[in-house]
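Asks: Chains as they are written, first to last, in our numbering: chain A, 695 to 1385; chain B, 61 to 185. After the structure tokens below, expect a handful of questions from me.
In structure tokens form, the structure reads like this:
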């Protein structure tokens, strides 16, 4: 698409120039006067040159500023010189006489045309390039000033021509003043030089000098009283004005350029360094989001710092707090441009931590050969350096230090320290970030482990309720965290007896869960061979004493149901009592007993008693852990025995399942959004009657 | 909810430990530290006054269990007094009255401490 546009523009301009040329040829051979012809001719020429303008402008818009633009322009000027040289053969030296209407030969017309085209082209190209340079990093008024320049240039070009003004009218010359003033104004805009590299600046000096010289030469060649100016003016007076002042603009602008570039040279290197520092900072801040591995991170930070500061060497010291003795371990985790031993020597000698009152401030040693802390290192062969240390801070805590050296004494100035501190800040953020991510990953791993543990503990609960026709059983258990210390189980002892156990390990969470698993093991191992609940508890107490720690204990309630006799014999090792509802009467069954793991025989056995219930049809037995009773609301109110009793007595026709669900629902509704956390377990046993 | 304080008084060779607030897994370490300090100072006659104790969990009970053996080995004891009905029920449910002497008030407890000291002396004599 773009190519088509450009070809069209070229074609149009070619056609227009061609037409004008033919017109001129005809005009010089045949005498005729068409009123307004000169104006039409100028308009055609204007359009033709506008096509050239747009053709050139298509290309210039997107290019980055570099000395290449200047080279292009220089080449164009040399080509123009060539054209001028060629044309000198084509035009004879006619006397300068603007009054006389001269008849030009075909050769002269041809010569005039190529000169006009070449210089017109050069002027337009120069205009576009100067425009691009002037508008670089422009301020508010720059564009305005450039528009003014363009306006006055064009205004003057057309005003100071026979089209508008008769010869001899000197007032039109006044319009040249704003043009010159504006040229000087825009020549001050040389900002584009600043961002060039040092090499590019040097190139610019030479190119700009040559350009300025070329434009001066060209201006001289087309000076108002020269031969060339006569021919150019005859071809098109506005064009001549435009060309002359464009050449002048080029001479002045690029004159300013080479002088300006010359003055920028001494600071070019420093400017490049500053740009590099900025670039390094950018790299470093990207590290924060991309690199999480600690070692990779500190190595990169060290490397980037060394490059950014142009340092001789850089190393990073990291302080890791060791939990046990509370002391920090200090180690150099990364270094660039220096051996570990030397780095360690310098670190220790500099006494960054010890000799410093405010650890958030940097430390600078201007000359390690002279400073009393480090001068002993001279004897050990360390070269002459200046040393700077900046702290690595995270939430106002010192997590490490960044050391840098330079090969000269007094190599660090305030702005160097500023850069070092900025790099250190970014480094600290990156390090902290990587540590947080590590912690986060670890947390995630632990979370997954807990979910696995939860699934596994779920399997320690009865997967099936015993299928005994004389009873209805329903139960639930909910741990307070992923795992808990509550336990319940059923065991079919023989054709007539079923064992029912419920237990509560002291505490919550993982430690209680481990004991809970042990309790299950003991339950399954001991119950088949034991016919007395008290006996079981005595043996269980003995079994657990070995592994329970001093602070822990287990409450246990074990009941043996005899289906043939319709009896339930219970022993209670410190556990919550059984709620027994029979014929509308509620009784709390609480045989004496002591928690498991608190003491040994004979004390335990002597403290434990058994109780046997003779069950009637529709009798209910509720076994529970203290999580049900002690369930708390936001305001601290406890669920309590009364509420539980009320629910149990509410509807006699309820099945075990219905009663369990009701209690479960009401307990959790009661807790609501309060932060109450305890393991909760419930068994509902309904005796239907002997078979 | 989680307010818990421990105060100490000395009466002759008995240390009276006053518990105030909620003794649960969160606050139990405070009590643990107190007991550790007492044992370090060889003060083995400990009376725990539960007058202002609002609540005790298994973690709290575990603290007493942890130090009981050591205390009794050194001819001392942990006794309790001034329990509210609610607190006593918690102790009673687990069967603690079998292991510990629990008194209605401080005075009674102190008397019993002195008695046992005297009876020990008599035994030795």
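Here a beta-carbon is modelled for each residue, glycine too, at the ideal position from N, C-alpha and C.
If we define contact as Cβ-Cβ less than 7 Å, is residue 1353 of chain A a contact residue for chain B?
Replies: no
Asks: Is the Cβ of residue 143 of chain B closer than 7 Å to any Cβ of chain A?
Replies: no
Asks: Examine chain B for any beta-carbon lying closer than 7 Å to the beta-carbon of residue 1288 of chain A, and answer yes or no.
Replies: yes
Asks: For residue 1245 of chain A and chain B, any beta-carbon pair shorter than 7 Å?
Replies: Yes, its Cβ sits closer than 7 Å to a Cβ of chain B.
Asks: At a CB-CB cut-off below 8 Å, which residues of chain B make contact with residue 1253 of chain A?
Replies: Ordered by position in chain B, no residue passes the 8 Å Cβ test against residue 1253 of chain A, which lies about 17 Å from the chain.
Asks: Given this structure, state the Cα-to-Cα distance separating residue 188 of chain B from residue 142 of chain B, to the nearest angstrom.
Replies: The structure shown does not extend to residue 188 of chain B, since chain B spans only 61 to 185, so no value can be given for it.
Asks: Please report whether the beta-carbon of residue 154 of chain B lies at a distance below 7 Å from any beta-carbon of chain A.
Replies: yes
Asks: Quick check: the region 1124-1135 of chain A against the region 1333-1344 of chain A, are at least 3 beta-carbon pairs closer than 8 Å?
Replies: no
Asks: Report yes if the CB atom of residue 108 of chain B is closer than 7 Å to the CB atom of residue 90 of chain B, and no otherwise.
Replies: no
Asks: Could you check how far apart the C-beta atoms of residue 106 of chain B and residue 136 of chain B are, in whole angstroms? I think they sit under 8 Å.
Replies: 7 Å
Asks: Using a Cβ-Cβ cutoff of 8 Å, what residues of the region 110-123 of chain B are near chain A? List them in chain order.
Replies: 118, 119, 121, 122, 123
Asks: Using a Cβ-Cβ cutoff of 7 Å, what residues of the region 1309-1340 of chain A are near chain B? List them in chain order.
Replies: none
Asks: Alpha carbon to alpha carbon, how far is residue 696 of chain A from residue 790 of chain A? Give it in angstroms, no decimals.
Replies: Note on residue 790 of chain A: pLDDT 49, under 50, position unreliable in the model; no value is reported.
Asks: Would residue 1268 of chain A count as contacting chain B if we go by Cβ distances under 7 Å?
Replies: Interface with chain B (7 Å Cβ-Cβ cutoff): residue 1268 of chain A is included.
Asks: Out of A:1271, A:1005, A:1307, point me to the one whose CA is closest to residue 1103 of chain A's CA.
Replies: A:1005
Asks: Take the Cβ of residue 1342 of chain A as the centre, count every other Cβ of all protein chains shown within 10 Å, and call the residue buried at 16 or more, exposed below.
Replies: buried
Asks: How would you list, in chain order, the residues of chain A whose beta-carbon sits under 7 Å from the beta-carbon of residue 126 of chain B?
Replies: By Cβ distance, chain A contributes 1244, 1245.
Asks: Give the interface partners of residue 1375 of chain A over in chain B, defined as CB-CB distance under 9 Å, in chain order.
Replies: Neighbours of residue 1375 of chain A on chain B: none; closest Cβ ~15 Å, over 9 Å.
Asks: Buried or exposed: residue 976 of chain A, going by 16 or more other Cβ atoms within 10 Å of its Cβ?
Replies: The residue is exposed, with fewer than 16 neighbouring Cβ atoms inside 10 Å.
Asks: Quick check: is the beta carbon of residue 66 of chain B nearer than 7 Å to any beta carbon in chain A?
Replies: No, no contact with chain A.
Asks: What in chain B is Cβ-close to residue 1297 of chain A, meaning under 7 Å?
Replies: 158
Asks: Below 8 Å on the Cβ atoms is my contact criterion, and I expect residue 993 of chain A with residue 1098 of chain A to pass it. Report the Cβ-Cβ distance as a whole number of Å.
Replies: That belief does not hold up - the Cβ atoms of residue 993 of chain A and residue 1098 of chain A are roughly 15 Å apart, past 8 Å.
Asks: Please go through the same chain and pick out, in chain order, the residues whose beta-carbon is closer than 8 Å to the beta-carbon of residue 1080 of chain A, but skip the five residues on each side of it.
Replies: 1058, 1059, 1060, 1061, 1062, 1099, 1100, 1102, 1103, 1104, 1105, 1106
Asks: Note down the Cα distance separating residue 972 of chain A from residue 1111 of chain A, rounded to an integer number of angstroms.
Replies: 14 Å
Asks: Buried or exposed: which applies to residue 77 of chain B, given that a residue is buried once 16 or more other Cβ atoms fall within 10 Å of its Cβ?
Replies: It is buried - the Cβ of residue 77 of chain B has at least 16 other Cβ atoms within 10 Å.
Asks: Is there a Cβ from chain C that is less than 7 Å from the Cβ of residue 1174 of chain A?
Replies: The displayed structure is made up of protein chains A and B, and chain C is not among them.
Asks: Quick check: residue 134 of chain B and residue 160 of chain B, are their CB atoms within less than 7 Å of each other?
Replies: Not in contact: residue 134 of chain B and residue 160 of chain B (Cβ atoms no closer than 7 Å).
Asks: Measure the Cβ-Cβ separation of residue 901 of chain A and residue 761 of chain A and say whether it is below 7 Å.
Replies: yes
Asks: Start and end of the beta strand (DSSP E) containing residue 1015 of chain A?
Replies: 1007-1015 is the extent of the beta strand (DSSP E) around residue 1015 of chain A.
Asks: Flag this pair as yes or no: are the beta carbons of residue 113 of chain B and residue 79 of chain B separated by less than 7 Å?
Replies: yes
Asks: Which chain A residues sit within Cβ distance under 7 Å of residue 169 of chain B?
Replies: Residues of chain A passing the Cβ test: none, with the nearest at roughly 21 Å.
Asks: If we ignore side chains and look at the alpha-carbon of each, how far apart do residue 1315 of chain A and residue 1252 of chain A end up?
Replies: 13 Å
Asks: Are there three or more Cβ pairs, one per stretch, closer than 8 Å when the region 1193-1206 of chain A is compared with the region 1249-1264 of chain A?
Replies: yes
Asks: Over what stretch of residues does the alpha helix (DSSP H) that includes residue 943 of chain A continue unbroken?
Replies: 931-984
Asks: Is the region 869-882 of chain A touching the region 841-853 of chain A, taking contact as three or more C-beta pairs under 8 Å?
Replies: yes
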